[in-house]
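**Student:** Below: one structure in C-alpha cells.
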Amino acid sequence: MEGVKLTVALIIAILLQWTLRNVWPPLTFIDFPLIIVVYAALQRNSIRAILFGTISGISMDALSGGLLGANGFSKTLVAYAISEITRRVYMDNLILRIPVIAGACFVNDLVYYGLHRLFGQTPAGDPVTTIAYSVIGTTVAGTLIYLLFQNFSGDRARARTQKRREVFAPRRQTRRRNPIRLGK
Amino acid sequence: MVERSQEDVWRLAPWLMVALLLGNFILMAFDAKVEGGERVIRAWTQTVADFVQSPVTTVTSSVSNYFGSIANLRSAQDENGGLKQQVQELQVELKQKEELAAENTRLRSMLQLKEQSKYKVLTARVIGRDPSAWFDSAIVNRGSLDGVQLNMPVVTDGGLVGRVTAVSPLTAQVDLITRDKSGLGAVIGQIGESNALGVVAGTSKKDLLEMKYVNGSTEVQIGQSVFTTGQDGIFPAGLKIGEIVNLVSGSATTPHQIQIMPAAKLGSMQEVGILLYEPPAKGQYEQKLPNAVKKN
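Chains A and B are the protein sequences, given in the same order.
Residue numbers for the first sequence follow our numbering, beginning at 11 and rising by one.
Residue numbers for the second sequence follow our numbering, beginning at 44 and rising by one.
In C-alpha cells:
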C-alpha cells in the first residue's frame, strides 16, 4: 500500500514539474520529483528509490532542452546514495531529513551540470546561482511535503497509537502491606 | 507479487543502480550525438504531457486574464475615446491603401509578375516551459498534425524566438536562440544595405546573444538592429533578431565583439508563430562536402 501511495505521489510530482513553470517561473527551482525520490530512499527500499529516480529523471529530461538521461543519471545516483546512508544511519527524524534533502539537491544539480559539461553543453544561467536557488527551493518545499507525509502516512498513525498506549497504559499496582500486620 | 527479503534488496540494489546508470549514460551519449535528428522518446512524452499541460495552461491563463481585465477596467473609458478617434483615422488610411493595392495589382498584371509565395504562419500557444531550471526550451500546442516539422523557425511579433527541435503529433518543442548550441546567419542593418555579416550564437547567459566574425573595419553602432540573412539554411531572411547592446570595436585584423539583446520577450511569451517554411534545397556542391548532412 505504501508503494502505491508513493507511486501516486511521484506521478503528481512529475505532473507538477511539467506544468508549474508555465504558471509561475520561479517554481522551476523546486525539484518535486527529487523530493519524492529522497523520501522513497529514506524508507529503506533501495530498489524502489532507484527506479523512481530513473523514471522521474527521464520524464523530466524528455520535456527539457537538456540531454536525455542526465536527470535520470543524477537522480538514480542520489537515490542509491541516500538509501545506503539510511541503512547505516538513523534518519527517521524530520530534523535529520532537512540536511539530507538539501544535500541530495546539491549533489543532483552538481552531477547534472557536470554531465552536460562532459558532453560539451553549457546550461543557461550562472551555475552557482541556479544551484543555490534550487537547494533553497527544494529544501523548503521538501520539508513542508515531509511534514504533510508525516501527518497522513503510517508513521504518524503508528506514533499516535504508541502515544495512546503510553497514556492509557495499565499501571502496575504495587501491593501495599497492611501496616497493622507489620508488627506481627 | 514476489516478496523480497531486505537482504535480497540490498544485494540487488547496486547491480540495478549500475545497469540504470549505464542505460542513462547511453541515452545521453545518443542524444548528444543526434542533435538535429528526430527524438522519439521526447516526442511521445510530449504527447502524454500535452493532456496535462494544455488544461493547466488554459485554466491559469483564463484566471490571469479575468483578474487582468478587472484591473484594466479603470483605464477602459479613456482608452475607448482614444480608440474611437483612431478607428476614424484608420478608416481614411484604409481607403488610401485599398486604392494602392488595386493599383499594385494592375501594374503587376501589366508587367506579368508572378505572385511570390512566402511562408505561412501558424499561431501556437506556449503550453509548457522547460521543467529543469537549467534550460529554457518551450513546448507549443501545434504538432506534426498541423504541419509542423523539425527545424521550422518560431517567431513572435517582437522577433525571432528559435526553432523546432522535437515534434509529436500534437505538440512541438522549441529551442530558443539564446541556447549556447544555437547559431544563425545574421546581418547588422538591412540586407543589401549593409555588409556587416556574421553569426549570431547563444551564450550561457539568459537574454543575451553574441555576434561573431563581424569584420572589424565595418562601422557598427550600439542600438542597431540585427536581422537574419537566410544563409544558415534554417531561418528565412529578414527576421529581426534583436538590437546591439554592447560593442567592443575590432580592427582590420580582429573582428568586433558584439552582444545582442533579443527582440522577442523570451521569458514571458504566451503565443508564438511557427513559420511553415522550408529552406531552399542545398546545392549539389554542398552535398559533396565532407561535413554535409547526407540525404538517403
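For each residue, glycine too, the CB sits at the ideal point set by N, CA and C.
As an exercise, report each continuous beta strand (DSSP E) stretch of at least 3 residues that is fully enclosed by the region 190-268 of chain B, in chain order.
**Tutor:** 196-198, 203-210, 215-219, 226-231, 240-245, 252-255
**Student:** Check residue 304(B) in the structure and name its three-state DSSP category.
**Tutor:** Strand at residue 304(B).
**Student:** Give the straight-line distance between the Cα atoms of residue 162(B) and residue 24(A), rounded to the nearest whole angstrom.
**Tutor:** 37 Å
**Student:** Report the residue from 191(B), 261(B), 85(B), 228(B) whose alpha carbon sits nearest the alpha carbon of residue 320(B).
**Tutor:** 191(B)
**Student:** Check distances from the C-beta atoms of the region 124-135 of chain A to those of chain B and list, in chain order, the residues that come in under 8 Å.
**Tutor:** 125, 126, 129, 130, 131, 132, 133, 134, 135
**Student:** According to the Cβ coordinates, are residue 206(B) and residue 198(B) closer than 8 Å?
**Tutor:** no
**Student:** Could you tell me which uninterrupted alpha helix (DSSP H) segments, each at least 4 residues in length, are contained entirely in the region 27-52 of chain A, listed from first to last along the chain?
**Tutor:** 42-52, all fully within the region 27-52 of chain A.
**Student:** Whole angstroms are fine: how far does the CA of residue 107(A) sit from the CA of residue 100(A)?
**Tutor:** 10 Å
**Student:** Kindly list the residues whose CB is nearer than 7 Å to the CB of residue 173(B), restricted to its own chain and excluding five residues on each side of it in sequence; keep chain order.
**Tutor:** 179, 180
**Student:** Do the CB positions of residue 234(B) and residue 266(B) come within less than 8 Å of each other?
**Tutor:** no
**Student:** Report the CB separation of residue 284(B) from residue 322(B) in whole angstroms; it is logged as a contact under 8 Å.
**Tutor:** No, residue 284(B) and residue 322(B) are not in contact; Cβ-Cβ is about 17 Å, not under 8 Å.
**Student:** Going by Cα to Cα distance, which pick from 70(A), 149(A), 48(A) is closest to residue 87(A)?
**Tutor:** 48(A)
**Student:** Just reading off the beta strand (DSSP E) that residue 297(B) is part of, what are its end residues?
**Tutor:** That residue, residue 297(B), is in no beta strand (DSSP E); it is neither H nor E in DSSP.
**Student:** Between 20(A), 54(A), 34(A), which lies nearest to residue 102(A) when the distance is taken from Cα to Cα?
**Tutor:** 54(A)
**Student:** Check residue 167(B) in the structure and name its three-state DSSP category.
**Tutor:** It is a strand residue.
**Student:** Please classify residue 160(B) as buried or exposed, where buried requires at least 16 neighbouring CB atoms within 10 angstroms.
**Tutor:** Low confidence applies to residue 160(B): its pLDDT is 48, below 50, so where it sits in the model is not reliable, and the reading given next is rough at best. Result: exposed.
**Student:** Cα-Cα, which of 159(A), 50(A), 128(A), 27(A) is closest to residue 68(B)?
**Tutor:** 128(A)
**Student:** Using the C-alpha atoms, what's the distance from residue 316(B) back to residue 167(B)?
**Tutor:** 6 Å
**Student:** Check this for me: beta carbons of residue 210(B) and residue 187(B), under 8 Å apart or not?
**Tutor:** Yes, they are a contact pair.
**Student:** Could you compute how far the alpha carbon of residue 76(A) sits from the alpha carbon of residue 112(B)?
**Tutor:** 37 Å
**Student:** Can you give me the Cβ contacts of residue 79(A) inside the same chain, cut-off strictly under 7 Å, excluding the 5 residues immediately before and after it?
**Tutor:** Shown here for residue 79(A): same chain residues with a beta carbon closer than 7 Å to its own, the five before and five after excluded, namely 68, 71 in chain order.
**Student:** Which two residues bound the contiguous beta strand (DSSP E) that contains residue 319(B)?
**Tutor:** 314-319
**Student:** Closer than 8 Å is the cut-off here; do at least three beta carbon pairs connect the region 250-260 of chain B with the region 292-305 of chain B?
**Tutor:** yes
**Student:** Can you tell me where the beta strand (DSSP E) with residue 91(A) in it begins and where it stops?
**Tutor:** Note, residue 91(A): premise wrong, no beta strand (DSSP E); alpha helix (DSSP H) at 80-98.
**Student:** What's the gap between the Cα of residue 240(B) and the Cα of residue 95(A)?
**Tutor:** 57 Å
**Student:** With C-beta atoms as the reference, is residue 228(B) less than 8 Å away from residue 259(B)?
**Tutor:** no
**Student:** Could you compute how far the alpha carbon of residue 281(B) sits from the alpha carbon of residue 270(B)?
**Tutor:** Rounded to whole angstroms, residue 281(B) to residue 270(B) spans 5 Å at the Cα level.
**Student:** Could you tell me if residue 85(A) is buried or exposed, where buried requires 16 or more neighbouring beta carbons within 10 angstroms of its beta carbon?
**Tutor:** buried
**Student:** Measure how close the beta-carbons of residue 245(B) and residue 223(B) come, nearest whole angstrom, since I'm counting them as under 8 Å.
**Tutor:** 5 Å
**Student:** Does the separation of the CB atoms of residue 115(A) and residue 64(A) fall below 8 Å?
**Tutor:** no
**Student:** Measuring only between beta-carbons, confirm whether residue 118(A) sits less than 8 Å from chain B.
**Tutor:** Cβ-Cβ to chain B under 8 Å: no for residue 118(A).
**Student:** On the three-state DSSP scale, how would you describe residue 90(B)?
**Tutor:** helix
**Student:** Over what stretch of residues does the beta strand (DSSP E) that includes residue 67(B) continue unbroken?
**Tutor:** No beta strand (DSSP E) contains residue 67(B), which is instead part of the alpha helix (DSSP H) from 49-76.
**Student:** Where does the unbroken beta strand (DSSP E) through residue 289(B) begin, and where does it stop?
**Tutor:** Looking at the DSSP string, the run of the beta strand (DSSP E) that includes residue 289(B) is 283-291.
**Student:** Can you give me the C-alpha to C-alpha distance between residue 110(A) and residue 119(A), rounded to a whole angstrom?
**Tutor:** 14 Å
**Student:** Considering only residues of the same chain and omitting the five flanking positions on each side of residue 208(B), which have a CB-CB separation below 6 Å?
**Tutor:** 216, 218
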